[in-house]
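Inspection log for the structure reproduced underneath, given as structure tokens.
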Amino acid sequence: MTSLPISSGLRLTAMTLAIALLLPGCGDAEKNTQTTSTGQPAGGSTAAVAPAATGDTAPTPSGPSSPAASDSEASLEGIIYQSGSIPIRPGATAVYGDPADVDFGVVTPGSKLRTEIRLVNPTDQPVVLRAAVPTCQCTTVNVDGTIIPSMGAVGIPMTLQVPSTTGEKKAAVNTVLVPGGKGPRLTLRAIAAYAVRATASTSAGGPSTLWVDALKPAGISGRIQLDSTDGRPFRVLSVNGETPMFLQGTGQPATTQSIAYDLSGRTSATMPKWMLIETDHPDAPMVEMRVRHMASRLPHQFQNYKVKVQFDGYIANVGRISPGSTAEFSVELKQFKRRTLSGLRSGNPDFVVNLLQRKDGDGDRVRITGSITPKPGFNGPFICPVQFNTPEGAETMYVIGTIR
């Protein structure tokens, strides 16, 4: 532990597409679920799969045994839009995605985002969707040879589970068609941020990033800008447990704060893995930024390291904890459904960690919920390594927060 000093409906069988993202995450918690058919974040906390793609109104679905005719049937597996039931893009001559690219914008870490993408067939012959090939192991796809009707479409519900970490999340699926070979590439994108969003720029200036780029010499020092995404003024209380160096003003409440950072005095043993920025915003008491530096690498980033447990994100932010109270954290483990978790172990004697729940998620994923309790006398920001023990070995992730 390292603590800081302070027509008739037709079911599309065997088709599901769930996309989970990992920075460098699919869970069951629905408290941050958003739904879109246009790529824009939807309001509300709970939503179902969108029944239509961009700009269109989907025909009313009917069940498999319904005698009423309809142009499409929605299900958790997919939707077939029969010939003539949807608009076709003028001039299109090959199968295309509608929309092919979905951008959810800025979302809360841990959100579950849902949308539907249609593969539209503008030709006069049926096309078989032979496969959907993910670009990374955190994307799971199950496609069982599906016929896209001539002048119709196949609607694919997609779920993007954003992990608990901040930053840009991307996933893509490359499709294979018969005839046609290579088909449209379908992409999902989201930026996970708290009510206070942090971006960094190096001492040389240039474009801002969602991380501190200390791999570059100019990035050893620089500027971090923090913006309130809900318009609420806030103050920066500390940065890695130390007094902030304000570049503008004196730290009075504002919707934008600009602070300096300087890692030049850090050694390989003291280089932080994250910048921990404490604020007084009630919805963003702790904001983390990954520090990219050779000395801040996580174990799985070393060559030839054998990963024992795959996390959807290596950090869990519990926010603000009152002294003497307990907070819960959760993390999703990939490729873990048939494996054993022996227990959790705190890496610091100032904190007690317990395993509370194990719950199966999508595919081979498992969501683990644990608790963390600070011992009396500990106050201020903290980062606590938590070891996940298995018969195959142990893997460590980190819980962060502040005790006030």
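So for the sequence shown, my numbering puts the first residue at 1005; every next one is plus one.
C-beta: ideal position from N, C-alpha, C; glycine also.
>> Quick check on this structure: which residue in H1285, I1263 and D1287 has the alpha carbon closest to the alpha carbon of M1279?
In response: The residue given as residue 1279 occupies position 275 in the sequence shown. Checked all of H1285, I1263 and D1287; the closest Cα to M1279 is I1263.
> Looking at C-alpha atoms only, which residue of Q1256, T1179, Q1129 and S1154 is the closest neighbour of I1084?
Replying inline: As a working note, residue 1084 is residue 80 in the sequence shown. Among Q1256, T1179, Q1129 and S1154, the Cα nearest to that of I1084 is on S1154.
>> So, with DSSP's three-state summary, where would you put S1300?
In response: Residue mapping note: residue 1300 aligns to position 296 of the sequence shown, counting from 1. Three-state DSSP puts S1300 in a helix.
>> Along the chain, where does the beta strand (DSSP E) containing Y1409 start, and where does it finish?
In response: Given that the chain is displayed from residue 1005 to residue 1408, the structure contains no residue 1409 and the question cannot be resolved.
> What do you get for Y1402, buried or exposed, if any count of 16 or more other CB atoms within 10 angstroms of its CB means buried?
Replying inline: Translated into the one-based positions of the sequence shown, residue 1402 becomes position 398. Buried is the call here.
>> Need the endpoints of the beta strand (DSSP E) that M1279 sits in, please.
In response: The sequence position of residue 1279 within the sequence shown is 275, counting from 1. First-last of the beta strand (DSSP E) with M1279: W1278 to T1283.
> When you compare only the Cα positions, how much space is there between N1383 and S1326?
Replying inline: Counting from 1 along the sequence shown, the entry for residue 1383 is found at position 379. Counting from 1 along the sequence shown, the entry for residue 1326 is found at position 322. Spanning the two alpha carbons is a distance of roughly 9 Å.
>> Please classify T1163 as buried or exposed, where buried requires at least 16 other C-beta atoms within 10 Å of its C-beta.
In response: Within the sequence shown, numbered from 1, the residue matching residue 1163 stands at position 159. Per the 10 Å Cβ criterion, buried.
> What does A1196 pair with, by DSSP beta-bridge criteria?
Replying inline: As a working mapping, residue 1196 is identified with position 192 in the sequence shown. A1196 is bridged to V1111 and G1171.
> How close, in whole Å, do the beta carbons of T1283 and R1239 come, if the pair is a contact with beta carbons under 8 Å?
Replying inline: For the purposes of this step, residue 1283 is taken as the residue at position 279 of the sequence shown. For the purposes of this step, residue 1239 is taken as the residue at position 235 of the sequence shown. Indeed they touch by this definition, with Cβ atoms about 6 Å apart.
>> So, at 7 Å on beta carbons, what are the nonlocal neighbours of S1087 in its own chain, with the 5 sequence-adjacent residues on each side left out?
In response: If you number the sequence shown from 1, residue 1087 lands on position 83. In chain order, P1153, S1154, M1155 and G1156 place their CB closer than 7 Å to the CB of S1087, counting only its own chain and leaving out the 5 sequence neighbours on each side.
> Which of helix, strand or coil does DSSP assign to G1367?
Replying inline: The sequence position of residue 1367 within the sequence shown is 363, counting from 1. It is coil, neither helix nor strand.
> Mapping DSSP to helix, strand and coil, what is A1218?
Replying inline: Residue numbering aside, residue 1218 sits at position 214 when the sequence shown is read from its first letter. Note: A1218 maps to coil in three-state DSSP.
>> Can you look up Q1391 in the DSSP assignment and give me helix, strand or coil?
In response: As a working mapping, residue 1391 is identified with position 387 in the sequence shown. In this structure, Q1391 counts as strand in the three-state DSSP scheme.
> Hey, P1289 and G1253 are a contact pair by Cβ (cut 8 Å); roughly how many whole angstroms apart?
Replying inline: Start at 1 with the first residue of the sequence shown, and residue 1289 comes out as number 285. Start at 1 with the first residue of the sequence shown, and residue 1253 comes out as number 249. Not quite, the Cβ-Cβ distance comes to about 21 Å (not below 8 Å), so this is no contact.
> Taking buried to mean at least 16 other C-beta atoms within 10 Å of its own C-beta, is A1078 buried or exposed?
Replying inline: Position 74 of the sequence shown, counting from 1, holds the residue named residue 1078. Confidence in A1078 is poor, its pLDDT being 38 and thus under 50, which makes the residue's placement unreliable; the coordinate value appears in the next sentence. By the neighbour-count rule (16 or more Cβ atoms within 10 Å), A1078 is buried.
> When DSSP builds the beta bridges, which residues end up paired with K1338?
Replying inline: Against the sequence shown, residue 1338 aligns to sequence position 334. In DSSP, K1338 forms a bridge with Q1314.
> Exposed or buried, which one is D1364 when buried takes at least 16 other CB atoms within 10 Å?
Replying inline: Along the sequence shown, one-based indexing puts residue 1364 at 360. Classification for D1364: exposed.
>> Can you tell me whether C1030 is helix, strand or coil according to DSSP?
In response: The residue you call residue 1030 lines up with position 26 of the sequence shown. Residue placement at C1030 is poorly supported in this model, since its pLDDT is 36, which falls under 50; the coordinates are not used for a value here.
> Is it a yes or a no for the stretch 1220 to 1234 touching the stretch 1175 to 1188, going by three-plus beta-carbon pairs under 8 Å?
Replying inline: no
> Taking all protein chains shown into account, do 16 or more other C-beta atoms lie within 10 angstroms of the C-beta of F1108, making it buried, or fewer, making it exposed?
Replying inline: Locating residue 1108 in the sequence shown gives position 104, counting from the first residue. So F1108 ends up on the buried side.
> In whole angstroms, what is the alpha-carbon distance linking T1042 and E1292?
Replying inline: To locate residue 1042, count along the sequence shown from 1; it is residue 38. To locate residue 1292, count along the sequence shown from 1; it is residue 288. Because the pLDDT of T1042 is 40, which lies under 50, any placement of that residue in the model is unreliable, and the question is left without a value.
> In chain order, what residues of the same chain have a beta carbon less than 7 Å from the beta carbon of D1060, not counting five sequence neighbours either side?
Replying inline: Within the sequence shown, the letter at position 56 stands for residue 1060. Here the model assigns D1060 a pLDDT of 34, short of 50, so the residue's position is not dependable, and the following value carries that caveat. Contacts found: I1090 and P1091.
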